[in-house]
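The structure appears right after this line, and notes come after that.
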Ligand code: S3P
């Protein structure tokens, strides 16, 4: 086992167990923010929130802005402030792009608010123009195209916007700003990105029309306090799904997984690869489909292709799918995925570096990669470059490597899945 900075993994004989992996990060961020934006004094309860560095960064910032945030072991209680107040210090989004992009929309559209959003070294390099430009078209006053973003809140005017990227962070930023703006916001994306915001706002009584990749919403709508139960994040469950698919004799049940179709591309990819994933007990919670998933390993795996509209449905799962591809027969391709270059790390480069160190065969493109399989991976020391999904993807690779693997610079798993290593060890059979 390992220190906080390193994860050590050896080849497993099998993977067997029943697990509730980490809660949904996107839904937790949105629930916290929408609770703080609710009518003054409204109380909300977020049950089973993701307790991790990214969502804690959002919660801390909301407190600085005047919300009352009470952290309990399995829930967070939030009381909306009378109006957002000017923070005394900079608002630190740490490593969380979602925190920065969503809150920029809220702050920019709150008249009189003066605040600066800052982030860590990785977040400070990530593109913010994608939100700053449309917000400026709405009349926002923002200095900076990357963090720090200095924001002077204004009454904004809604816009009709064609987003060049399929990004739920951009979409949500503009919907949150649009909720405070005058006029009707209309936004179209090249492909539909995750629609948690639309589902959650609709369940709060906000009127909006969603069709294909377009959302239309009138400004000036308000909502009260609410209760929400956050399901498991399919992006976290994906590590165990892909791991189990690669290990013969594996049998793993993942409980309470959010299977929203805008997020479930990893299930399509696993099916295309020949893996068997069964959905048990599908239900609806707070407007989101949820199911238990049973996966059994040992099927022969074949290459699969990821491109176009599938990409936003599994964007965060590409690192672990690239690991899965090393065990598939044929050439698996990932294209139209240049967004990977601007995630917590340049994920095409960090995946390539890890695959190379473990002896995989692959080539990279500007917008993706092609992985040739199957190959016997070799154990290695992998630098996760402080990117949580790279750390967890290569821990999964270590389960099928011929000798032990150490993931260094892995402390970032705390940003989305602090219990990753212990959950993995709970199903590992040696
Ligand atoms: C997120 C959207 C995605 C995803 C990120 C979380 C969200 O980013 O990669 O982990 O909560 O809206 P983009 O919207 O930039 O694609």
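Numbering (the working numbering), first residue to last: 471 to 900.
Glycine included, every Cβ here is placed at the ideal spot set by N, Cα and C.
By DSSP's assignment, residue 803 forms a beta bridge with 775 and 840. In the three-state scheme derived from DSSP, where H, G and I count as helix and E and B as strand, residue 570 is classed as helix.
Three or more Cβ pairs drawn from the segment 619–632 and the segment 575–588 lie within less than 8 Å of each other, which places the two stretches in contact. Looking at the DSSP output, residue 541 sits in a beta bridge with 546. Note that the segment 785–792 does not touch the segment 746–764; fewer than 3 beta-carbon pairs, one per stretch, sit closer than 8 Å. By the C-beta criterion, the segment 774–782 is judged not to be in contact with the segment 593–610, since fewer than 3 inter-stretch pairs fall below 8 Å. In terms of Cα proximity to residue 576, the closest of 553, 657 and 822 is 553.
Nearest to residue 701 by alpha-carbon distance, out of 545, 487, 856 and 744, is 545. Taking a 10 Å sphere around the C-beta of residue 565, we find 16 or more other C-beta atoms and assign the residue as buried. Straight-line measurement puts the Cα of residue 505 at about 34 Å from the Cα of residue 854.
For residue 643, the enclosing alpha helix (DSSP H) starts and ends at 638–650. Residue state for residue 493 is assigned as strand, using DSSP reduced to three classes. Distance from the C-beta of residue 665 to the nearest heavy atom of the ligand S3P is not below 7 Å. Around the Cβ of residue 540, a 10 Å sphere holds fewer than 16 other Cβ atoms; the residue is exposed.
Per the Cβ contact rule, the segment 799–814 is not in contact with the segment 866–878 (fewer than 3 Cβ pairs under 8 Å). Of the other Cβ atoms in all chains shown, fewer than 16 fall within 10 Å of the Cβ of residue 679; this residue is therefore exposed. Residue 488 carries a strand assignment under DSSP once its states are collapsed to helix, strand and coil.
Between residue 695 and residue 512, the gap from beta carbon to beta carbon is short of 8 Å. The residue among 805, 826 and 558 with its C-alpha nearest the C-alpha of residue 535 is 558. Beyond the five residues adjoining it in sequence on each side, residue 632 comes within less than 7 Å, by CB distance, of 658 in the same chain, given in chain order. For the segment 853–884, the continuous alpha helix (DSSP H) assignments of 4+ residues that do not extend past its boundaries occur at 858–868, in sequence order.
Under the criterion of beta carbons closer than 8 Å, residue 688 and residue 654 qualify as touching, at roughly 5 Å.
A check of alpha carbon separations from residue 671 across 475, 698, 840 and 870 identifies 698 as the nearest.
Taking 8 Å as the cut-off, the beta carbon of residue 763 is found no closer than this to the beta carbon of residue 736. Judged by their CB atoms, residue 782 and residue 661 are nearer to each other than the 8 Å cut-off.
For the options 886, 684 and 491, the alpha carbon positioned closest to that of residue 894 is the one of 491.
Going by C-alpha positions, residue 481 is about 9 Å away from residue 899.
In this structure, the straight-line span from the alpha carbon of residue 761 to that of residue 645 is close to 28 Å.
For residue 890, the enclosing alpha helix (DSSP H) covers residues 890–897. In this structure, the ligand S3P has a non-hydrogen atom nearer than 7 Å to the beta-carbon of residue 809. DSSP places residue 725 within a strand segment (E or B) once states are collapsed to three. Inclusion of residue 499 in the 7 Å shell around the ligand S3P follows from its C-beta lying nearer than that to a non-hydrogen atom of the ligand. When secondary structure is reduced to three states using DSSP, residue 851 falls in the strand class.
Here residue 523 is buried. Its C-beta has 16 or more other C-beta atoms within 10 Å.
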